[in-house]
Amino acid sequence: MSNADTGIGASVKRREDLRFITGEGTYTDDLNQPGQTYAAFVRSPYARARIDAIDVSDALNVDGVIMILTGADMAADGLGDLPCGWMVKQKDGSDMVTAPHPPLATELVNYVGEPYALVIADSRHAARQGAEAVMTDFHELNPVVNLASAAQSEQIHAGIPDNRAYDWELGDKPATEAALAGAAHITRLDLINNRLIPNAMEPRAALGVYEKGTGDYTLYTTSQNPHLERLVLSAFVQVAPEHKLRVVAPDVGGGFGSKIFVYAEETAVIWAAAKVGRPVKWVADRSESFLADAHGRDHVTHVELGLDQSGRFVGLKVQTTANLGAYLSLFGSAVPTYLYGTLLAGQYRTPNIYVEVQGVYTNTSPVDAYRGAGRPEATYVLERVVETAARELGRDPADLRRMNMIQPGDFPYQTPVALVYDIGDYEASLDRALEAIDYQGFPARRIASKDQGKRRGIGFACYIEACGLAPSQLAIQLGAGVGLYESGEIRLNPTGNATVFTGSHSHGQGHETTFAQIVSDKLGIPFDDVEVVHGDTGRVEFGLGTYGSRSLAVGGSALMMAGDKIIAKGRRIAAHLMQASVDDVSFEDGKFLLAASNQSVTIQEVAFAAYVPTSYPEDLEPGLSEKAFYDPKNFTYPAGTHIAEVEIDEATGEVDLVALVAVDDFGEIINPMIVEGQVHGGLAQGVGQALLEHGIYDEQGQLVTGSLMDYCMPRADNLPDFIVDTTITPCTHNPLGAKGCGEAGAIGSTAAVMNAVTDALGVKDLSMPATSEKVWRILKGE
Amino acid sequence: MYPFKYHRPTSLEEAASLYNGSDDPVYLSGGMTLIPTMKQRLAAPADVIDLSGIESLTGISVKGDKLTIGAFTTHAAVMASADVRKHIPVLAYLAAQIGDAQVRNRGTIGGSVANSDPSADYPAAIVSLGTTIHCQNRSIDGTEFFKDLFETALEPGEIITSIEFSMPTRAAYRKFPNPASRYAVVGVLVADFGGSIRVGVTGAGPCACRASGMEKVLNDNLKPAAIDAVEVPDAGFNSDLHASAEYRAHLVKVMAKRAVAAMLEG
Amino acid sequence: MSTRLSRRRFIKSVIASGVAASATSGWYSAAQANRPAGTTERLISLNINGRTRRVDVLPQETLASTLRYKLGMTGTKIGCNRGECGACTVLIDDVTHYSCSMLTHSVRGRSVTTVEGLQAADGTLHPIQQAFIDELAPQCGYCTPGQIMAAVALLKDNPKPTRDEVRVGLSGNLCRCGAYDHYLSAVLRASGQST
């Protein structure tokens, strides 16, 4: 360690925070351009309708309105559809069926809030007035809203019978069915994974600028992955060629998945900027966030777990219908398949697993990745059915899990659902969590609660996740439209400080701090001398952004590789400066050393020499700037145990989460307090799903929970103090030994809380969220 | 928001005259409901008459056995008032349960009462604490004030100037909050006026009301368990995403029992 | 017509901000007013962070939009714009308010404090700000100014709150990152108590 206070493993204070706590953060809506105009979208009030006519004449007369653009205008300009970035192969080997998704609807609208025109005006107010004045003749059609009956309902998209985008499977069906047939016991469960609405605190926004003189486009937008945004906008939508389009994602106020995707709004804004010849700005209001941000989860599942006499899992069969919404969002197809079915082995040695997933279209907002993306759904299915099996068999839920866990000696472990786990110690996390919650003391606590008219329950979830989707070639074979590597670049400047470029994007994760710690540690440069640049395609060469808890394991590893290249070149320069052989020069703590003579030169001196090559190797290029693309060899597999304890008020049905323990194995940790914060956040969202949050549509496809008054997100007083701890098995295949921590909290906690609620109530299931009225109805015997 | 004219009168007379002179006026009190409503373009008044400049509308005073709160007094001021805490502590408690700190700093008792939101907290106190609603030119009995969902006995142009409360011997309020909005799914205030029990319920029906059946039972037997014998039919109760009418009816009893228990515990 | 009005806005924004014209005055433009602006004076004085700011304010403008789009004080964030999330929290006469739900005209004569006004003149951070750094409290940072303003008001009112009192005190401020735990610790730290 070059510096114990700022290097790897230190809870360095976040350098982002000074600007956030003084109000100097720069989010998209904080940016303005001279001559800027404002866009407002005209959105469908119906879940499903045909557009017969759009009359913009009144709207054009609204003072301040400059231009009104419709889907037809966009089509006339030759803009392409919003693509789905992952081609899922169906059971029969055919490609999934994708409905065209024009950024602005032309003939049909398929969900409430779908944009079909935009109004550009001198002010936000005028744009909104204009949008209200657009007169549209709709012919209403019957909407398909109910997921369970979507296949039997009217066909939403031409050429897509049964509203089915795909029928996908993974695993060995005959073997699994045979295992279940021979099982001593089968536990069956029907589960619903409730729809969630991401609601990042910063609403999505876009500011498009077009320079007529050069033909350059610049799009400032709320994105988790600006390079991917640019790629999609240039390669698929074809707004502008890639080399003429710069995408900047400045400070971004939370994403949780919802800002991965390329949406209609920023597409329209950058296109409109060229049409209007002035910058165009759009900022969503909260209603638009509710209606038009991609939602999360929304599965209906039947699961069967077979166990032998001793309690060993012999087979797991899962049948899921996943709601994809009205269109396939960028990764909407992959979330309920490759990020879901592959995780169903969990931490267990279940030898036979089979999963089939029907992805269906409905007249609701598109559904895509939301914190955890597929993995919380998989964990929910598996950990609910395992807990239920323990109850049915009268087994201790911790013991039943323990006897089925993959053991440290089993790694690398090939699961029946494609993944190969590299390392883990699942019992270590379980033991630590049992201790933290005081499992031994639970029976006494349960009795104490009973005496106060409260029912107490405890619930477990031993989860696994797969992060840092990889490797690229495999992902592409499985249908991914892009590679899944990350770029990192380190430029040592002549004065010896460093500018670091990463293709990852930070919107709450603290990369500006963590990545500086890595480079400082790697190169022995003071932490304060390392600057991290991200979120700008004009500055960072390429990148794939931040999602799937990948930034550290993939993006951080790329920086380690770039650091190795810096050191390698530095050794040659240092050898020249010390008149020694390269082989004799070693590198440690920012110094190139010649052991034999006790001579050394600092990396700063080497950097200076690289740019002012007065004495320099003849065959070496000047400069000291290196970049690397890191393509992971495998996923990383964070895992852990979450245990929840709840108390239920028997009179009202109110559920009080009294304790939540999370013991996670994220591999090596760079900044413990940042990790702790990430876990807290994930837990809050996981608890929110279990107890509070539900995106509800009525039969007409109107979003009933369209405001924060009706969609309940956790507030400070909804949550207990979390008990958070870690165990460590370093990832075996990346240079940091890191696995990723961003999503874990949201993956394990939901199942743990629901297992606790059902334990307290003594029922098999209860649909999420466990609201007080639902619980009350169970308590009174319904 | 649609454009409107903004007025900040300094007297009630000026406010009334502005009101009468407008085609489509609205009074602005705290604005916790009105401003969001206008932003969503669900209301588009021509004239917004801000009452915050009328000093006589703010303040808390005690005269004899009555406590009077000016209509423009914020929830936070009620919560913190030494007079309220001394004479009608249940009112300070109730005010502390409203929304969150920002809402309590802005929302006013008059605005809340005049709005007659079915899930607001104050109405439970208005119907049960022997109140008189004072307007510019008349006074209205608190039990006669709420008429229906967002409907009150106020005539167009009338402004609540103050609310006069009787002082119960003892009282307690219990509320089951909506987890998202923090409004009352159900709120029950039980007050003992020298042996005479009054029960005010908010959240359950279209507007706050007294629960005479409960009062009768409690007058005979002032114990939480006495509530068990009361039938609370859910006919006409609110039913929404957060609670069915049936569940609300159940919660009325639970909150009533808890309020009685709290009152007896002092 | 629009040229003339743009010029007027240009001049007024110069007056308002005391600096060169910003491009931030497009939130409302006078041209759209369907009704005459009325009797209300438009060019008003506001006391913001101890300074008097002259600014042209339409009747329907909220304090949040005046701060952000007229005065360029973008530290105050808008998350829901209807008094439900707390991102826009400012202090008015030392107590918290949702600035998105207050008409700017209604704060004339009152003292407004935003997150930009917390640092001492010499740049020293407010104890709450320093504690937020020390506890690594913010994540994405978007709700942070609102959380800070709520915390400042809370400690003015209750200098030694319990952790549960802080929980309730910050319950008007949503944080989707779920950073509550560190926020609570930061407030306790700023109050001189152990976290």
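As they're listed, the protein sequences go chains W, G and R. Letter by letter, the first sequence follows residues 49 to 830 of the numbering used here. Letter by letter, the second sequence follows residues -19 to 246 of the numbering used here. Letter by letter, the third sequence follows residues 282 to 476 of the numbering used here. All C-beta atoms, glycine included, are put in the ideal place defined by N, C-alpha and C.
- In this structure, A657 (chain W) keeps its C-beta atom at 8 Å or more from the C-beta atom of L708 (chain W).
- Short of 6 Å from the beta carbon of Y258 (chain W), and not among the five residues preceding or following it, lie these beta carbons of its own chain, in chain order: Y265, A321 and A322.
- Following the DSSP letters along the chain, one finds R91 (chain W) inside the beta strand (DSSP E) bounded by residues T85 to R91.
- Scanning W:A196, W:D679 and W:G422 for the CA closest to the CA of Y533 (chain W) turns up W:D679.
- In the DSSP annotation of this structure, the continuous segment of the alpha helix (DSSP H) that includes V735 (chain W) starts and ends at P720 to L739.
- Between A601 (chain W) and L784 (chain W), the alpha-carbon positions lie close to 7 Å from each other.
- By the 16-neighbour rule on beta-carbons within 10 angstroms, V468 (chain W) is exposed.
- For secondary structure counted as the beta strand (DSSP E) over 3 or more consecutive residues, the stretch -1 to 29 of chain G holds these complete runs in sequence order: 5 to 8.
- Identification of chain R residues near N247 (chain W) by a Cβ-Cβ cut-off of 8 Å yields R457, ordered along the chain.
- Cα atoms of D813 (chain W) and T806 (chain W): separation of roughly 6 Å, rounded to the nearest angstrom.
- A253 (chain W): member of the beta strand (DSSP E) spanning A253 to E259, first to last residue.
- Within 10 angstroms of the beta-carbon of S452 (chain R) lie 16 or more other beta-carbons, which makes it buried.
- Taken atom to atom, the span from the alpha-carbon of V567 (chain W) to that of F677 (chain W) is near 16 Å.
- At a beta-carbon threshold of 7 Å, the residues of chain W lying near I429 (chain R) are I69, ordered along the chain.
- Chain-ordered listing is empty here: chain R has no CB closer than 8 Å to the CB of M194 (chain G), the nearest sitting near 30 Å.
- Excluding residues up to 5 positions away in sequence, A199 lie with their Cβ nearer than 6 Å to the Cβ of D210 (chain W) in the same chain.
- Using a Cβ-Cβ cut-off of 8 Å, V336 (chain R) does not count as an interface residue toward chain W, since no Cβ of chain W sits closer than that to its own.
- The C-beta of E747 (chain W) has fewer than 16 other C-beta atoms within 10 Å across all chains shown, which makes the residue exposed.
- The beta carbon of A241 (chain G) sits closer than 6 Å to the beta carbons of P204 from its chain, once the five residues preceding and following it are set aside; these are given in chain order.
- DSSP places S326 (chain R) inside the beta strand (DSSP E), whose first and last residues are L324 to I329.
- For P16 (chain G), at least one C-beta of chain R is nearer than 8 Å to its own C-beta.
- Within chain W, no residue has its beta carbon less than 7 Å from that of Q474 (chain R); the closest one is some 15 Å off.
- When C-beta atoms of the stretch 518 to 532 of chain W are compared with those of the stretch 444 to 453 of chain W, fewer than three pairs fall below 8 Å, so the two segments do not count as touching.
- Put simply, of G:A215, G:S161, G:A133 and G:V70 the residue whose alpha carbon is nearest the alpha carbon of L455 (chain R) is G:S161.
- Look at H55 (chain G) here: in three-state DSSP terms it is helix.
- Annotation: the continuous alpha helix (DSSP H) that includes M802 (chain W) extends over A792 to L809.
- A residue is called buried when at least 16 other Cβ atoms come within 10 angstroms of its Cβ; Q488 (chain W) does not meet this threshold and is exposed.
- Its chain contains A88, V90 and V167 as the residues whose beta carbon lies nearer than 6 Å to that of A179 (chain W), once the 5 sequence neighbours on both sides are disregarded; these appear in chain order.
- Any Cβ of chain R closer than 8 Å to the Cβ of F(-16) (chain G) would place that residue at the interface, and such an atom is present.
- Distance from the CA atom of A509 (chain W) to the CA atom of D713 (chain W), rounded to whole angstroms, is 14 Å.
- According to the DSSP secondary-structure assignment, S673 (chain W) is paired through a beta bridge with W:R539.
- For Y73 (chain G), the uninterrupted alpha helix (DSSP H) run begins and ends at P69 to A76, by DSSP.
- Bounds of the alpha helix (DSSP H) holding R448 (chain R) are R444 to G450.
- S815 (chain W) has its alpha-carbon roughly 22 Å from the corresponding atom of S755 (chain W).
- Using a Cβ-Cβ cut-off of 8 Å, W330 (chain W) does not count as an interface residue toward chain G, since no Cβ of chain G sits closer than that to its own.
- For the C-beta of C361 (chain R), the chain W residues within less than 7 Å are, from N- to C-terminus, R334 and L756.
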